[in-house]
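Numbering (our numbering), first residue to last: 24 to 629. Ideal placement from N, C-alpha and C gives every residue a C-beta, glycine not left out. Quick caveat, the model's predicted, so the values are computed rather than measured. Worksheet for the structure shown next.
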Amino acid sequence: MTDLQSNSGGNVSTAGASQGELVRLPLGKIRRNPNIDPRKGRNTAAFAAIRASIREQGVLQAIVVRPIEGADVPYEVVAGNTRFSASEEEGLFDIPAMIRQMTDAEARSAAAIENLQRADLTPIEEAWHCVRLLEDSGNDHDEVCRILGWSRPKLDGRVLLSKCCDEVAAALVEKQIKIGHAELLAPMVEDEQRVICKAIIERQMTVQATRERLAQLTPLISSARFDTTACTGCAHNSQGYADLFSASVGDAKCQNSKCWQEKTQQLIDVRMVEAQEEYGLVHTDLTLPTDGYVRLTATGGSGVGSAQLNACAACPRYGAVVTTTKGREGEVMGGYCFDKVCHSEKTSAYQEIVAAANGNSQPQEAPAAIDIGTEQSPASNPKPASSKVKATAKPQDIKRSIKKVAFSMYAKMGQQAIQSSRSLVLAVSIVSLYLDLRSDVPSEEWTRLEPVIKFPTGLSSYNRAEFEVELARRPVGDLDDILNHLAALTVLRRDSNDAFAKSLSGAQSLAFIEMAGMDATEHFSMNEEYLKALTKSGIVADCKASGFDVKYDEVKGDKEFAKLAAGKVDDLIKAILAFTDFTWKGYLPETMKPCAHDGSGTPKVA
């Protein structure tokens, strides 16, 4: 890390500065970027206090900058613009800085997080910042709420504030008006905002007084966008009092602002529902950044081509805007793209196609004759077949409702594909059984299976399709063999709780043995494992029940088994296993009979 003490002048070396390294940079090598910095205006008193602190103590917290390749000023502030500006005004030579490589979107997000963690970010600054994040996210309000940790009402409120004119924004930053005043002014046209804001400041009007005064601005009933049939005989219709005055009061006006606002909002709500049926995604102009969306066109400088235009209609970022502007409330404007980044990419792609079709190296304004997805060239500049331009138009994404319809159809097609292919049936069964058994069967069993099949590391329900298709290309005989091996492993699942007959593997084993009509006598083997599981008396009981004791005495001498049984159990087990003159074939201990465990019989417990 470089020395962070102030340099006395001259040059500051940043050689060797790596990504994320803390260095001291000359202020002359750093620039602000208003497109990244969410601060718009500043509180004069607060800024003066910061200058005084820097004057006395210097900059204690490093700013964050990003390198700008090829620029005259090689670094750009991401976080810490106030500290940077105060340092400039205090005449400092350099400033501690953390260098990080970032895109514009990453820089805006970093600036947001840094500033939102500070208590002095004003609502206007928050508003300016959040509309940029909305643009970067394709106007995905939920995603921005997640990033900022905000509720949707707070986000909508800050978007509304972003529509304040500069004079209103400055008045709020300087605390000449309150946020409630700004929220009342934001929906108005800028000229009205300026006039009313000035009056609020001069008269020192409260938010409530401002709201009440604005409510007294009676609108013409003829300008209403909603159905005014009920207004004809309304007591708040000014036309009803015209005969009380010697002069005409002019056109009828509504003197009940609450009713007017309710009817207007109802109209907007209805238009929103209607627009959603046609376009899917619908916003009001109050919940969108002013320049955060764009009308889609096929041709012209911002055209995307007819084929791409059609494809865009299936994108979840395509939709309509319902305006709340005075005199146009409830007006629906469709055909908008809410992802300006994607739109810019599609426009650039179309311009390149047009340029290629015209034989130009530089894009130019697209004529209507050229289109994405076609192979046409202008008649004035024919091209050989080898130079024809063709591009595939597609939306950035597809609406959820369309996906549901599409994948419902694909599922039926997939069913047919499986049912018509024995290989697919086996492949799906193999993978399904593997995923079911994988964590329950001892690992050595999978090792033994590797000569037959080796399952990919990381195979899961989410990525199985590719492996299933790969499997289905193998011979059916091989797949049958693999499935047989796998199915047999199901009875080898671990019984970690010693549930035995109540465990999955135990219950399956008993059921399958019974179904197959198997005789456990043919499979029993007298061995050390079994004998060590018994008590000494149990071992003796088995020896007598099987006739082992008689044969032992016959070979070894009278009463030799009794002597053996009176000794240590380990010696007894060794003697039994070493005695080869007796065969245990045909003998099955009562406790080894399946009926002793499946509830169908009563074992004789030794």
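Between leucine 456 and the set Pro474, Asn507, Val428, Ala598, the nearest pair of CA atoms involves Asn507. Counting C-beta pairs closer than 8 Å gives three or more between the region 317-330 and the region 368-375, which meets the contact rule. Assigned with DSSP and collapsed to three states, arginine 74 falls in helix. Exclusion of the five residues before and after isoleucine 453 leaves Leu494, Leu502, Ile505, Leu506, Leu509 as the residues of its chain whose Cβ lies within less than 7 Å of its Cβ.
Shown here, leucine 48 sits in a strand according to DSSP, grouped into three states. Cβ atoms of isoleucine 86 and isoleucine 118 come within 8 Å of each other, at about 6 Å. Scanning the region 443-531 for uninterrupted alpha helix (DSSP H) segments of 4 residues or longer gives 445-460, 466-472, 487-495, 499-512, listed from N- to C-terminal end. Glutamate 99 is bridged by DSSP to Arg54, Arg89. In this model, aspartate 604 and aspartate 542 are separated by some 25 Å (Cα to Cα).
Secondary structure of leucine 595 (DSSP, three-state): helix. By the Cβ test, the region 547-560 is in contact with the region 606-616, since at least three Cβ pairs between them sit closer than 8 Å. Counting only unbroken stretches of 4 or more residues, the alpha helix (DSSP H) elements lying wholly within the region 217-249 are 230-238, in sequence order. Under a 10 Å Cβ-count criterion, lysine 286 is classified as buried, with 16 or more other Cβ atoms of the shown protein chains found around its own Cβ.
DSSP places leucine 304 in the uninterrupted beta strand (DSSP E) bounded by 304-307. When Cβ pairs closer than 8 Å are counted between the two stretches, the region 350-357 is seen not to touch the region 184-204, the count staying below three. By the criterion of a C-beta distance shorter than 6 Å, asparagine 56 is surrounded in its chain by Glu99, once the five residues flanking it on both sides are discounted. Comparing alpha-carbon positions, the option among Glu577, Glu537, Lys582, Glu149 lying closest to lysine 616 turns out to be Glu537. DSSP places cysteine 360 inside the beta strand (DSSP E), whose first and last residues are 355-360. For valine 344, no alpha helix (DSSP H) run applies; the uninterrupted beta strand (DSSP E) run containing it begins and ends at 341-345, by DSSP. Within a 10 Å sphere around the beta-carbon of glutamate 149 sit 16 or more other beta-carbons, which makes this residue buried.
Only residues of its own chain outside the window of five on either side were considered, and among them Val514 have a CB closer than 8 Å to the CB of phenylalanine 535, listed in chain order. Taking all protein chains in view, the Cβ of phenylalanine 430 is surrounded by fewer than 16 other Cβ atoms within 10 Å, so the residue is classified as exposed.
Pairing leucine 48 with leucine 115 gives a Cβ-Cβ distance that is not under 8 Å. Beta-bridge annotation (DSSP): valine 317 is paired with Cys360.
Cβ atoms of alanine 135 and histidine 152 come within 8 Å of each other, at about 5 Å.
Exposure of valine 96 is indicated by the presence of fewer than 16 other C-beta atoms within 10 angstroms of its C-beta. The C-alpha of valine 428 is placed about 20 Å away from the C-alpha of alanine 298. Rounded to the nearest angstrom, the gap between the Cα atoms of isoleucine 562 and aspartate 621 is 23 Å. Cβ contact annotation for serine 532 (same chain, cutoff 7 Å, sequence separation greater than five): Val514, in chain order. Comparing alpha carbon positions, the residue from Cys277, Ala336, Lys597, Ala75 closest to threonine 105 is Ala75.
Counting along the chain, aspartate 117 sits inside the beta strand (DSSP E) bounded by residues 117-122.
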